[in-house]
C-alpha cells in the first residue's frame, strides 16, 4: 500500500507540475488549443474543399490586397502540413519558454511582429518578382497559412535567453537552420522564415528588462580567473 500511495502522490505531483507550467504560459497554450480545434476541423474536410478554404485564409497577394487584417489573423490559426503533436512540442519548447521569460504581452509582440512583418516583406518581394516576370502571375493566389513565421521569430529572440557561452552556438544553429534553405531553395517562404529570424533578433529591446538566466558553472569559473 505504501508503494501505491507513493506512486499516486508522484502522479499527482506530475499532473500538478504540468498544470502549473501551462498556467505560466497561457497565451501559448490557448493558441495551441485553437490550433488543435482547427486541425481537427481540417481533417473533416475533403481535399478540394480544404484547399479552397485555406486559400481564402491565406496571406497571399490577392487576399492581402483585399482583406489584409482578416487573413493576417486567420492564417495564424491553421496548420498547413505537419501534425498538431509536433507543434505541441515546438510550442512547449520555444513559445512557452519565451512567454514565461518575457511575459505574455512581450512574447506576443515578438510573435506578431515576426508573423506580420515577414509576411508583408516576403509577399511584397514576390509581387515584385511577378511584376518583373521572375514568378508566374498565378503566385498571387498561392497557399500561405501557418504559424512558422511567428515560431521562427520566437526561436530567434530566445538567443538572448540562452546564457553565454552557449548563446553563440545557439545563434549559429538558428542561422544555419533557417539560412540554408534560403540559399538552396530560394522560395518566398524560405525568405519569410529567415526574415522572421532577423525580426526576432531585432526584438532585443523587449528582452532588456526580462530576468536573465543564471550563468553556467563553467562561465562562473571562467569569470573568476585572474
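Residue numbers (the working numbering): 739 to 964. Glycine residues also receive a C-beta, built at the ideal position from the N, C-alpha and C atoms. Computed from a prediction, not measured in an experiment: that's the story for all the values here.
Coil, strand or helix - residue i by DSSP
i, result
"residue 879", "helix"
"residue 855", "helix"
"residue 957", "Only weak support is given to the placement of residue 957: the predicted model assigns it a pLDDT of 39, under 50, and the question is left unresolved by the model."
"residue 824", "helix"
"residue 917", "helix"
"residue 872", "coil"
"residue 783", "coil"
"residue 769", "helix"
"residue 963", "Summary for residue 963: the model assigns pLDDT 37, below 50, so the residue's position carries little reliability; its value from the coordinates is reported in the next sentence. The answer is coil: DSSP assigns residue 963 none of H, G, I, E or B."
"residue 943", "helix"
"residue 933", "helix"
"residue 900", "coil"
"residue 890", "helix"
"residue 948", "coil"
"residue 862", "helix"
"residue 795", "coil"
"residue 928", "helix"
"residue 818", "coil"
"residue 972", "Nothing can be reported for residue 972, as the shown portion of the chain is limited to 739 through 964."
"residue 762", "coil"
"residue 938", "helix"
Distance, residue j Cα to residue i Cα
i, j, result
"residue 872", "residue 913", "27 Å"
"residue 786", "residue 836", "37 Å"
"residue 851", "residue 782", "32 Å"
"residue 924", "residue 757", "42 Å"
"residue 880", "residue 799", "8 Å"
"residue 953", "residue 903", "Its pLDDT being 46, under 50, residue 953 is placed unreliably in this model, and the value from its coordinates should be taken loosely. Approximately 9 Å, taken between the alpha carbons."
"residue 690", "residue 759", "Here the chain covers residues 739 to 964 and nothing more, so residue 690 does not appear."
"residue 857", "residue 834", "23 Å"
"residue 840", "residue 820", "28 Å"
"residue 762", "residue 829", "13 Å"
"residue 876", "residue 944", "39 Å"
"residue 854", "residue 767", "21 Å"
"residue 868", "residue 874", "6 Å"
"residue 795", "residue 818", "11 Å"
"residue 770", "residue 863", "30 Å"
"residue 811", "residue 791", "15 Å"
"residue 922", "residue 789", "27 Å"
"residue 911", "residue 933", "16 Å"
"residue 920", "residue 941", "22 Å"
"residue 774", "residue 780", "10 Å"
"residue 866", "residue 938", "25 Å"
Chain D contact for residue i (CB, 8 Å cutoff)
i, result
"residue 862", "Of the chains in the structure shown, none is chain D; there is only one protein chain."
Contact belief for residue i with residue j at Cβ below 8 Å, rounded distance in angstroms
i, j, result
"residue 845", "residue 765", "6 Å"
"residue 890", "residue 935", "5 Å"
"residue 813", "residue 884", "7 Å"
"residue 908", "residue 900", "5 Å"
"residue 797", "residue 882", "5 Å"
Note to self: Quick check: the region 793-809 against the region 888-895, are at least 3 beta-carbon pairs closer than 8 Å?
What the structure shows: Verdict: no, contact absent.
Margin query: Across the region 822-833 and the region 928-947, are there enough close Cβ pairs to call them in contact, namely three or more that are closer than 8 Å?
Written below: no
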